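>
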Amino acid sequence: MIIDGKKVAFSILEELKEKVKKLDKKPGLAVILANDDPSSKVYVSSKEKYSLDLGYKSCVYRFDKTITQGKLIQLIHELNENPDINGILVQLPLFSHLNEDEILELIHPKKDVDGFHPVNIGKLYAGLEPYAVCCTPKGIIKLLKAYNIKIEGKKALVIGRSNIVGKPVASLLLNENATVTIAHSKTKNLKEYTKKADIIVSATGHPKLITADMVKKGAVVIDVGIVRQDNGRLVGDIDFEKVKDIASYITPVPGGVGPMTIACLMENTYELFLLQNKR
Ligand code: GUN
């Protein structure tokens, strides 16, 4: 069965729209773009569009490479203090002359809409409730639940160990009582692990890394990879056409995990708004 991320994301956004209509103040999301990566530009524009569609206040700060660490630090402080802003998102990566870790740590944990602040990561790892859970990992768990896919007791394999996807999704799967393995670029004989997995979450950005011979019959396969090929087509980590006949559930690229990330970002903004306004 093909998991329809667009459909699940749409229903989250529709529900959210109704809740936002009832508020007497708009939730506010600030997005900072300080890199010249073309896909980051697309993601940021999309975050702006979805915010406005929901009736949020949207503030996007686009910088060229003359931006300094000092100016960015000052902006984060201002946004932390601004009562109209409930969520602050720094699109990653930043220009290489900027210190990403320092910037992320300066965001107030209750405004950390991406869930990347060490306080929120620490809460997630400790099995406590973060103020916000990283959007893509949260979206993956929501997709599994939307399709009533059992996580507890399953062998889950996460491929990739980034702070954005791999590590937090592994923590969430563990919190859902899966038996979790994390594989990465230095893992030897990846197939040995994929063959045993009931749930595979692949987040490497290597097109068609996971081929049909690597997947156990009936496994659930979640593809977080997304790369634009020279012919303009978007491809994921999974050899979708062949793996779909072996998997019980599989996410397509595009239309799988991607739409869930943005829906969860919008949901996180709303939840942080409620937290900050104590409703
Ligand atoms: N760069 C790639 N993915 C993400 C994400 O989910 N959030 C941010 N802030 N930057 C990213």
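Counting from 1, position 99 in the sequence shown corresponds to residue 98 in numbering that gives the first Met the number 0; the numbering is continuous, with no gaps.
Every residue gets a Cβ at the ideal spot worked out from N, C-alpha and C, and that includes glycine.
Quick caveat, the model's predicted, so the values are computed rather than measured.
So, are the CB atoms of V219 and G235 less than 9 Å apart?
Cβ atoms of V219 and G235: not closer than 9 Å.
> Taking C-beta to C-beta, are I148 and I198 nearer than 9 Å?
For I148 and I198, yes; Cβs fall inside 9 Å.
> Please classify C133: does DSSP put it in a helix, a strand, or coil?
Looking at C133 - three-state DSSP - the assignment turns out to be coil, as it is neither helix nor strand.
> Let me know the alpha helix (DSSP H) ranges lying completely inside the region 53 to 139, each 4 residues or longer, listed in chain order.
Here the runs fully enclosed are 68 to 80, 99 to 105 and 117 to 124.
> Taking C-beta to C-beta, are A280 and E270 nearer than 9 Å?
Given that the chain is displayed from residue 0 to residue 278, the structure contains no residue 280 and the question cannot be resolved.
> Considering only the beta carbon of each residue, do V297 and V59 sit closer than 9 Å?
Because the chain in this structure spans residues 0 to 278, residue 297 falls outside the shown range and cannot be described.
> At the level of alpha carbons, what is the spacing between Q228 and P92?
If I take the Cα positions, the gap works out to 21 Å.
> Once the 5 residues before and after I245 are set aside, which same chain residues still bring their CB inside 6 Å of it?
A211, V214 and K216, listed in sequence order.
> Which runs of the beta strand (DSSP E) spanning at least 3 residues fall entirely within the region 196 to 233, listed in chain order?
Those beta strand (DSSP E) runs which fall completely within the region 196 to 233 and span 3+ residues are 198 to 201 and 219 to 222.
> Please classify D100 as buried or exposed, where buried requires at least 16 other C-beta atoms within 10 Å of its C-beta.
With fewer than 16 Cβ atoms within 10 Å of its Cβ, D100 is classed as exposed.
> From F239 to A202, what distance separates their C-alpha atoms?
Approximately 14 Å between the Cα atoms of the pair.
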